[in-house]
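Trainee: Following this message is one structure expressed as structure tokens.
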Amino acid sequence: MGTFGALAVAVSLALVGPGFVSAPPSAASSGSGGPAADPDRGLVYRGLYAADAGPCRNGFELGHPGSGRCTHGPDPAPAGVDVARPRSLAAMEADQAAALPQDGHGSLLCIDDGTSGKRVQAIYAVASDRTDRFASIAPLIPQWATNVDAVFNASAAQTGGVRHVRWVTNPDCSLNVAKVVLSPSGDDSLSNTEDELYAKGFNRTDRKYLVWADANVYCGIAGIYGDDRPGQENANNGVSWASPLVGRVDSGCWGRNASVEAHELVHMLGGVQLSAPNSSGGWHCTDESDRMCYVDTPSTVLAKVCPDTEEYLLDCNNDDYYSTAVPSGSYLATKWNTANSAFLTSTPAPPPDTTPPPVPTALAGVAGDGQAALSWLPVVAADLAGYRVSRNGTPVATTTSSAFTDTGLTNGVRYEYTVSAFDAAGNRSAESVPVTVTPMAAAVAPLPTTTTTTTTPPPPLP
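According to numbering that gives the first Met the number 0, the residues represented by the sequence shown are 0 to 461, in order.
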């Protein structure tokens with residue numbers, strides 16, 4: 000694995016009303032592994048070593064002391080969110096429906112061949128000893144990525160600009176979501192995840208790796224370089240001599256309001272530097288409301304500068320880490336501005352797609368023992384992302400296939416199913432004509448009846 004040689008910061012945020020949750024406990028002494036853990040809140044310090052000086056000052060070193068790989072450490076999950084508890088697909092879809100308003104700002108922009116130049120790679124990662132939910136989760140990630148893009152572009156609009164994320168995309172312009180299976184310990188810590196991603200070839204310097212980890216360890220955690228130089232050779236800008244950065248969001252915080260994923264990506268792009276005017280001293284900011292500001296140390300004091308409605312936006316007052324119109328002589332005129340990152344583009348997005356795909360037809364169901372096998376005709380749509388299967392009006396699965404088998408059902412109970420189609424822009428069709436299925440145990444054929452025939456021997460010959 001490459002050596003970072005500069006500061007990497009781990010972060011996770013989630014919105015609680017107008018502000019964020021409080022910071023984790025004060026750092027423990029170096030080598031102790033960090034403060035007391037609270038797994039339910041995502042405060043897991045496995046593989047982290049507190050550092051008071053050097054490139055990891057005010058944070059932790061990853062893996063082992065002296066590694067040169069640094070992190071701020073995990074931040075607590077929002078109130079009411081237990082990251083250690085598995086989260087259902089239905090809950091994720093409900094949260095997504097209530098997530099960040101798009102207002103036409105978010106887009107998955109298709110840029111030239113989809114792979115050249117500096118880009119953000121979306122990854123679904125799961126350890127080999129956990130349930131692989133790629134088929135169900137991958138169709139949701141494009142909408143979560145669109146929410147990330149909306150944060151950057153709506154924030155750019157605050158200063159009259161346009162910024163979109165340069166995602167890795169497929170030839171059909173859909174988001175490329177790489178699936179990575181980790182070892183059983185690969186999701187135990189950020190250090191382990193980085194090591195295994197690097198070993199599997201996710202080590203390109205022209206990539207930022209945003210990982211949706213199907214795990215229950217953190218809320219979010221990511222890396223950053225401590226480099227505030229203004230030029231394109233900044234270490235945060237994917238230069239050849241700097242190792243790529245990894246940001247990880249675990250399932251408890253996927254797709255939530257105010258986008259934890261966007262917060263992680265900002266850190267990977269270089270915000271917020273310690274030299275910023277409103278730096279918290281812990282790689283965040285203090286002038287609220289702001290996607291990157293919150294109380295991250297016991298001594299951090301926030302100042303209410305911008306309205307609560309800007310909580311999901313970047314850089315309150317556009318003076319610390321992100322602006323598309325920088326005044327001469329200001330801090331961002333001479334220091335690193337993430338709005339200038341090569342992983343973003345100022346190319347305007349086409350008009351938003353608001354047309355849903357066609358409704359699936361010919362839905363059929365075949366009953367089995369404790370299961371229902373469903374099938375339907377494939378929907379023809381260039382931007383089709385997948386299908387959502389609902390049982391008795393409640394979503395139970397998403398799939399890219401035109402068939403799905405629902406298992407774990409009760410024999411003799413009648414179930415009603417519908418299917419809807421959705422596209423890469425998040426548009427969803429109406430529900431299909433329903434079909435009912437009543438699972439039944441396989442009939443057992445009766446054993447054949449055995450008839451015993453008694454033969455009387457003939458009388459003896461005279």
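Here a beta-carbon is modelled for each residue, glycine too, at the ideal position from N, C-alpha and C. Note that the structure is a prediction, hence the values are computed from the model and not measured.
1) Based on the DSSP output, what are the partners of W166 in its beta bridges?
2) Using the beta-carbon count (16 or more within 10 Å), is T70 buried or exposed?
3) Between which two residues does the beta strand (DSSP E) carrying V378 extend?
4) Do the CB positions of V109 and C55 come within less than 8 Å of each other?
5) For R68, count neighbouring Cβ atoms within 10 angstroms of its own Cβ and tell me buried if that reaches 16, exposed if not.
6) Counting only beta-carbon separations shorter than 8 Å, does G385 have a partner in chain C?
7) Might you give, ordered along the chain, the residues of its own chain that have their beta carbon closer than 6 Å to the beta carbon of S21, omitting 5 neighbours on each side?
8) Could you tell me how far apart the beta carbons of A49 and F59 are, in whole angstroms, since I believe they sit closer than 8 Å?
9) Are the segment 238-246 and the segment 132-144 in contact at 8 Å, needing three or more beta carbon pairs?
10) For C284 and K334, what's the separation of their Cα atoms in angstroms?
11) Quick one: Cα of Y224 to Cα of N233, how far?
12) Once the 5 residues before and after S345 are set aside, which same chain residues still bring their CB inside 7 Å of it?
13) Using the three-state DSSP reduction, which class does D74 fall into: helix, strand or coil?
14) Give the straight-line distance between the Cα atoms of A441 and T192, rounded to the nearest whole angstrom.
15) Could you pull out every unbroken beta strand (DSSP E) segment of at least 3 residues lying fully inside the segment 152-205, listed in chain order?
16) Please return the same chain residues whose Cβ sits closer than 8 Å to the Cβ of H63, not counting the five positions on each side in sequence.
17) Suppose you measure from the CA of S419 to the CA of P359; what does that come to, to the nearest Å?
18) Give me the DSSP bridge partner(s) of S374.
19) Does the segment 424-435 come within contact of the segment 400-411, defined as at least 3 CB pairs closer than 8 Å?
20) Give every residue of the same chain whose Cβ lies closer than 8 Å to the Cβ of N426, excluding the five residues on either side of it in the sequence, and list them in chain order.
21) Within 10 angstroms of the Cβ of L376, are there 16 or more other Cβ atoms? Answer buried if so, exposed if not.
22) Are the beta-carbon atoms belonging to F421 and R387 less than 8 Å from one another?
23) If you run the structure through DSSP and keep just helix, strand and coil, what is G251?
24) Would you kindly report the start and end of the unbroken beta strand (DSSP E) that includes Y293?
25) What are the residues that DSSP puts in a beta bridge with G230?
26) With distances taken Cα to Cα, identify the nearest neighbour of G369 among N410, Q142, R45.
27) Are the beta-carbon atoms of Y330 and M291 separated by less than 8 Å?
28) What distance in whole Å lies between the Cβ atoms of R129 and D213, which are believed to be in contact at a cut-off of 8 Å?
29) Are the beta-carbon atoms of V210 and V245 separated by less than 8 Å?
30) Count the other CB atoms within 10 Å of the CB of P75; is the residue buried (16 or more) or exposed (fewer)?
31) Should D307 and S288 be called a contact, given that it needs their Cβ atoms to be closer than 8 Å?
32) At the level of alpha carbons, what is the spacing between S115 and G219?
33) Rounding to the nearest angstrom, what Cα-Cα distance links W143 and Y414 in this structure?
34) Tell me, to the nearest whole angstrom, how far the beta carbon of N236 is from that of S340; I am working on the premise that it is less than 8 Å.
35) State the start and end residues of the unbroken beta strand (DSSP E) segment that holds I110.
36) What separation, rounded to the nearest whole angstrom, lies between the Cα atoms of S184 and A126?
Mentor: Reading it off the structure:
1) V119
2) buried
3) Looking at the DSSP string, V378 is not in any beta strand (DSSP E), and its letter there is neither H nor E.
4) According to the sequence shown, residue 109 is Cys rather than Val. Not in contact: C109 and C55 (Cβ atoms no closer than 8 Å).
5) buried
6) Given the protein chain composition of this structure (a single chain), no chain C is represented.
7) Because the pLDDT of S21 is 33, which lies under 50, any placement of that residue in the model is unreliable, and the number read from its coordinates should be weighed accordingly. The answer, listed in chain order, is V294.
8) 6 Å
9) no
10) 16 Å
11) 9 Å
12) G160, V161, R162
13) coil
14) 45 Å
15) 176-181
16) Y48
17) 6 Å
18) A363, A402
19) no
20) D352, T353, T354, P355, P356
21) exposed
22) yes
23) helix
24) Y293 -> no beta strand (DSSP E), and no H or E assigned at all.
25) DSSP output for G230 lists no bridge partner at all.
26) N410
27) no
28) 6 Å
29) yes
30) buried
31) yes
32) 28 Å
33) 31 Å
34) 6 Å
35) Taken as a continuous stretch (DSSP letters only), I110 belongs to no beta strand (DSSP E), as it is neither H nor E.
36) 7 Å
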